[in-house]
Amino acid sequence: MNRDGSTTTGDAKDPGTTPEPAANDGYDHERVEREYQTAWRDADVFEAPDDPDPASAAYVLAMFPYTSGELHMGHVRNYAITDAYARFRRLQGDDVLHPMGWDAFGLPAENAALAAREDDPDADVDPESYTRECIASMKAAFEDLGMGFDWSRELATCDPDYYRWNQWLFTEFRDAGLVDRRERAVNWCPDCETVLADEQVEEVGGGANATEVCWRCDTGIEERDLEQWFFRITEYADELLDDLDALDDWPASVRDQQRNWIGRTEGAAVDFAVSVPGGEDGDGDDADDEHAVTAFTTRLDTIHGATFFALAPDHPLAEAAAERDPAVREFVEEVADPEGDEPQGVATDMTATNPATGEEIPVYVADFVLSDVGTGALMAVPGHDERDHAFASEHDLPIRQVVAPAPDDDAEPADADDVDVQEAAFTDDGVLVNSGEYSGLESQAARDALVDDLPSAASTTQYRLRDWGVSRQRYWGTPIPIVHCPDCGPVSVPEDDLPVELPEFVASTGNPLDAADEWRETTCPDCGGPAERETDTMDTFVDSSWYYARFAGGEDAADAAPFDADAAAPWLPVDEYVGGSEHAVMHLLYARFVAKALRDLGHLDVDEPFEGLTTQGMVLGSDGAKMSKSGDNGVAPERIVREYGADTARAFALGAAEPERDFAWDPDGVERRRRLLDRVHALAEDVAASEGDAPAGVDAATADRDPSPTDEYVAREVDAAVESVTAAYDAMRFDRALRDVDALVSLLARYRDEAAADAGVLARGASVVVRVLAPVAPHVCEDAWSALQGTAVAGDSGEFVATAPWPVVERDVDDHDAASRFVERTREDVRDIVDTAGIDDPERIVVVVAPEWTYDALALARDAVGDDGGRPGEVTSAVMQDAAMRERGDAAAEYARDLADGGTLPANLGAARERAALERAAWLLEREFGAAIVVHAADEASDDLAGRARPGRPAIHVD
65 MNRDGSTTTG DAKDPGTTPE PAANDGYDHE RVEREYQTAW RDADVFEAPD
115 DPDPASAAYV LAMFPYTSGE LHMGHVRNYA ITDAYARFRR LQGDDVLHPM
165 GWDAFGLPAE NAALAAREDD PDADVDPESY TRECIASMKA AFEDLGMGFD
215 WSRELATCDP DYYRWNQWLF TEFRDAGLVD RRERAVNWCP DCETVLADEQ
265 VEEVGGGANA TEVCWRCDTG IEERDLEQWF FRITEYADEL LDDLDALDDW
315 PASVRDQQRN WIGRTEGAAV DFAVSVPGGE DGDGDDADDE HAVTAFTTRL
365 DTIHGATFFA LAPDHPLAEA AAERDPAVRE FVEEVADPEG DEPQGVATDM
415 TATNPATGEE IPVYVADFVL SDVGTGALMA VPGHDERDHA FASEHDLPIR
465 QVVAPAPDDD AEPADADDVD VQEAAFTDDG VLVNSGEYSG LESQAARDAL
515 VDDLPSAAST TQYRLRDWGV SRQRYWGTPI PIVHCPDCGP VSVPEDDLPV
565 ELPEFVASTG NPLDAADEWR ETTCPDCGGP AERETDTMDT FVDSSWYYAR
615 FAGGEDAADA APFDADAAAP WLPVDEYVGG SEHAVMHLLY ARFVAKALRD
665 LGHLDVDEPF EGLTTQGMVL GSDGAKMSKS GDNGVAPERI VREYGADTAR
715 AFALGAAEPE RDFAWDPDGV ERRRRLLDRV HALAEDVAAS EGDAPAGVDA
765 ATADRDPSPT DEYVAREVDA AVESVTAAYD AMRFDRALRD VDALVSLLAR
815 YRDEAAADAG VLARGASVVV RVLAPVAPHV CEDAWSALQG TAVAGDSGEF
865 VATAPWPVVE RDVDDHDAAS RFVERTREDV RDIVDTAGID DPERIVVVVA
915 PEWTYDALAL ARDAVGDDGG RPGEVTSAVM QDAAMRERGD AAAEYARDLA
965 DGGTLPANLG AARERAALER AAWLLEREFG AAIVVHAADE ASDDLAGRAR
1015 PGRPAIHVD
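Here the sequence shown is numbered in the numbering used here, starting from 65 and rising by one per residue.
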């Protein structure tokens, strides 16, 4: 269906083919979808209020999509999750913000434009035109799916009005000391021809075959030394780590990934004096030179066992040694493999002095020492570190034990003979041995003492987290607002001159903006002299690090900030954020950092951007593999929408599994969901028709009679469904909500068709079904709600079901689940009796509830020993000590023994409620067995039958 209401024929992959026939003869989904999408749009149903009530403001947000140009089923699932939840919150009366925009910068658009020009040199394709076409296509697809987005707040990160504020943020951060420029060894993707942040490098393979590749294109990365701009995220490392504990509504796996990525490690820094042979450092002095080299260790207690010192291959002293020694040079340039399974290294002509013992130990260059972990130097203690042990064994270095296992409370003092470190490293804390005056101290006490005693030692904290490199050598991104002046150095572009807009696209190798001569050449804002613009663009994760606040705050009226902080305040933080777990240590970490920095600069009043987080699983092909075009197992959402309707696509995507779980595409499941929607639509039409001529099975005169047990049963099931579906939506368990709606629809259909249905009960049931299904299947439910307008249950308000009041529970259903289990267990017992006795056509089934006194006896036993029962004597004694039970004589004693022998005491509702539950459900037994159902209290039945009845297990007789 096109946006003008016309219908497009053909499959998504071949627009010229004839459409397949409709999948069913149910409601006309094309008419319904066209009608209500237009009506919602005309009525601005999904526009959020400008002045929401802070107490009921609900901000629901999906991670905005990259503008790839087409939706896949993963998109359908992701955005259906937030749409269903936002619609639910709106039905509950909340003010809801559910916006949508476009993550529009990035390398794929640039590559697409380059590819188009390679195919046709005359093609007028650039990243912007490509991106705009993608946005138009994806927006139309979202609207076809009935997504209730507030399009009035739509944004695209490639709009100058948006990326101007990326540039403002860069300048604000630079002024605050959160941005710097320095040369650093960086990850370079030769295919993308750009730098990658550490978080954008993935490891594939394992062991000796492990390779680091680009997250986007899987090309092996290279290391280059480049001048780069960095956001100093490490300034917030502790807060980013500590505040994870407060994110209770985030998946534990995401929080753990961020904890590991930040990688805070408590330890000590200690200096070793490294001696370089005289005359070898080029200073003209033949005396040996000493360099204080700092090593970081978490095990300072083992320093007396350090038998060699190791440097990273790119440590300055290692590079100097490589200049002196061909063997070191060969190792550094050819052999070193930090990703290898086995630690490798080479001896040098240097020695290091152990500051605790004064002993000189050899210095090695080793590939298991990394310059970006710790300090690039370490004290190696082979007796107490497995990697050091393997290296020492390979190179015939001493292995010395300095820690012994700590004794148990009653054991003898620590004995070094308890372990053999020559065979394997002992890596636990313990008690020091062979450590001079520190021998006998426990490890932690020794660490504290050594920090105090060694002049060059100090407690310190190390982090795995590195500053965020935001420089990218590509065209389609936010220009970094810096001018390089030969006299003034790097100068920020004044705020009044923002945005620095991109020039026309230049198709070139290397950094495209280097080729934009006219754009690049400018004047210095400080001195007015000739200067050049920065030609790197920003990492696109900058774009997505604050967009949620722009949605909430819109444009700042004074044009002095990226959003109106006062307008954003009632909405923030985002109540529910939905997206992929692959963003755990990129987008989600960056957004948290930017929020905290903006808070400290006075622009935000929140500590965290996202209060709740849901990470959705993948939609797999029917073969269980990830959907892909190359795998020929993809499913085009537009085909499903055309054949089965948007609501079917939504209901299948939401009902197949919990949001966090993967699920496989199932054509039969799609058909089942469509049948459910048809049944709902038919039910509403039947109820609407009952205002005149009652449909088959509906008693039009029921308004003047008292409700029957059957009516009460159905009414209770309706209320129980309201309660359970509400809880499911609250927990974003749409699969459970759909399961319960399906069960209620089936029940109402049986009630309508096979019982003398009360018109009011049936109508209320239909009204509840339509409203509680509306978040998942909004189009068909709007049409069903329209049909119900004018009926007693829906009134004649003319309102959309999208904004109707959520149904309320009208009766106490606290015991519903227990009653349902009791009824179902009774039905199973009847089935067993009928099957065992071979009764083909039962005429009457008598069900007898246990005598009142048996419930009293059970209560006495439970009060005495709890639900789990107790020793037989305890149960019997508890029952028979009661005077009323003793009057019952042998019957009470026998029942008490039955309880004692049964172990766990049986659950029950009580005699009156068990009888009421059976009377309400009698119609289901009648329908199943085709027999009359009689429910008796014990005093209405024969002694033999009553005597066999027990609480929770009525006696049954079948004629």
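In this text, a Cβ means the ideal position worked out from N, Cα and C, and glycines have one as well. A quick note: this is a predicted structure, and the numbers were derived from the prediction, not measured.
Do residue i and residue j have their C-beta atoms closer together than 8 Å?
{"i": "T366", "j": "V445", "result": "yes"}
{"i": "N251", "j": "I285", "result": "yes"}
{"i": "P254", "j": "W540", "result": "no"}
{"i": "A121", "j": "D147", "result": "no"}
{"i": "L653", "j": "W215", "result": "no"}
{"i": "L808", "j": "A785", "result": "yes"}
{"i": "L155", "j": "A838", "result": "yes"}
{"i": "G829", "j": "V778", "result": "yes"}
{"i": "E781", "j": "P224", "result": "no"}
{"i": "P129", "j": "H139", "result": "yes"}
{"i": "A655", "j": "F237", "result": "no"}
{"i": "A332", "j": "S523", "result": "yes"}
{"i": "V433", "j": "L375", "result": "yes"}
{"i": "F373", "j": "M443", "result": "yes"}
{"i": "P407", "j": "A454", "result": "yes"}
{"i": "V877", "j": "E990", "result": "no"}
{"i": "E134", "j": "S201", "result": "yes"}
Grouping DSSP H, G and I as helix and E and B as strand, with all else coil, what is residue i?
{"i": "Y539", "result": "coil"}
{"i": "C253", "result": "strand"}
{"i": "G761", "result": "Bear in mind that a pLDDT of 49 at G761, under 50, signals an unreliable position, so the number given afterwards is only what the model happens to contain. Coil."}
{"i": "A121", "result": "strand"}
{"i": "D244", "result": "strand"}
{"i": "E383", "result": "helix"}
{"i": "M65", "result": "Legend: pLDDT at M65 = 30, less than 50; position of this residue unreliable, no value from coordinates given."}
{"i": "A882", "result": "helix"}
{"i": "D1003", "result": "helix"}
{"i": "L652", "result": "helix"}
{"i": "C198", "result": "helix"}
{"i": "H162", "result": "coil"}
{"i": "A708", "result": "A quick correction: the sequence has Tyr, not Ala, at residue 708. Helix at Y708."}
{"i": "D997", "result": "In the sequence as presented, Asp is not what sits at residue 997; that position holds Ile. DSSP places I997 in strand when its eight states are reduced to three."}
{"i": "V1022", "result": "strand"}
{"i": "V564", "result": "coil"}
Which whole-angstrom value is the C-beta distance of residue i and residue j, which I expect to be below 8 Å?
{"i": "L969", "j": "R1017", "result": "No, L969 and R1017 are not in contact; Cβ-Cβ is about 13 Å, not under 8 Å."}
{"i": "F716", "j": "V734", "result": "5 Å"}
{"i": "A883", "j": "R800", "result": "Not confirmed; about 20 Å, so no contact."}
{"i": "Q292", "j": "G533", "result": "5 Å"}
{"i": "P380", "j": "A400", "result": "Contact doesn't hold; Cβ gap of about 16 Å is too wide."}
{"i": "T329", "j": "Q526", "result": "5 Å"}
{"i": "H651", "j": "F605", "result": "6 Å"}
{"i": "A981", "j": "L973", "result": "7 Å"}
{"i": "A975", "j": "Y919", "result": "5 Å"}
**Asked** If we count Cβ pairs, one from each stretch, closer than 8 Å, do we get three or more for the stretch 888-903 versus the stretch 938-950?
**Response** Cβ pair count under 8 Å is below three, so no.
**Item:** Sequence ranges, alpha helix (DSSP H) only - wholly within the stretch 591-631, length at least 4
**Value:** For the stretch 591-631, whole alpha helix (DSSP H) runs of length 4 or above, ordered along the chain, are 611-617.
**Request:** Give a yes or no on contact between the stretch 326-336 and the stretch 571-578, applying the rule of three or more CB pairs nearer than 8 Å.
**Result:** No: the two stretches stay apart, fewer than three of their Cβ pairs being nearer than 8 Å.
**Asked** Does the stretch 833-844 touch the stretch 741-752, meaning 3 or more C-beta pairs lie closer than 8 Å?
**Response** Verdict: yes, contact present.
**Prompt:** Of all the beta strand (DSSP E) runs that stay within the bounds of the stretch 437-472, which reach a length of 3 or more residues?
**Reply:** Annotation: the stretch 437-472 contains the following complete segments of the beta strand (DSSP E) (minimum length 3 residues), in chain order: 441-444.
**Asked** With contact counted as at least three CB pairs below 8 Å, one residue from each stretch, are the stretch 136-154 and the stretch 169-183 in contact?
**Response** No, they do not touch.
**Asked** Given 8 Å as the limit, is there contact between the stretch 419-431 and the stretch 390-403, that is, 3 or more CB pairs closer than that?
**Response** Cβ pair count under 8 Å is three or more, so yes.
**Prompt:** At a cut of 8 Å, does the stretch 547-563 reach the stretch 503-521 through at least three beta carbon pairs?
**Reply:** Cβ pair count under 8 Å is below three, so no.
**Prompt:** Could you give the uninterrupted runs of the beta strand (DSSP E) lying entirely in the stretch 357-418, keeping only those of 3 residues or more?
**Reply:** Considered as a whole, the stretch 357-418 harbours 372-375 and 409-417 as its complete beta strand (DSSP E) runs of no fewer than 3 residues, in chain order.
**Prompt:** With a cut-off of 8 Å, do at least 3 Cβ pairs link the stretch 541-551 to the stretch 584-603?
**Reply:** Because the criterion of three Cβ pairs below 8 Å is met, the stretch 541-551 and the stretch 584-603 touch.
**Message:** Can you confirm whether the stretch 602-618 touches the stretch 576-589 when touching is taken to mean that 3 or more C-beta pairs between the two stretches lie within less than 8 Å?
**Reply:** Touching, no.
**Prompt:** Can you find at least 3 beta carbon pairs, one from the stretch 99-115 and one from the stretch 171-182, that sit closer than 8 Å?
**Reply:** Taking 8 Å as the limit for Cβ pairs, the verdict is that the stretch 171-182 does not touch the stretch 99-115.
**Item:** Stretch pair the stretch 680-690 + the stretch 724-743: three plus CB contacts closer than 8 Å
**Value:** Result yes; three or more Cβ-Cβ pairs closer than 8 Å.
**3 or more residues per run - each beta strand (DSSP E) lying fully within the stretch 893-980** = Every beta strand (DSSP E) of 3 residues or more that sits fully in the stretch 893-980 is shown, in chain order, as 908-912.
**Request:** Determine, using beta-carbon pairs with one atom in the stretch 704-712 and one in the stretch 90-110, whether at least three such pairs fall under 8 Å.
**Result:** Contact check between the stretch 704-712 and the stretch 90-110: three or more CB pairs, one atom from each, fall below 8 Å, which counts as touching.
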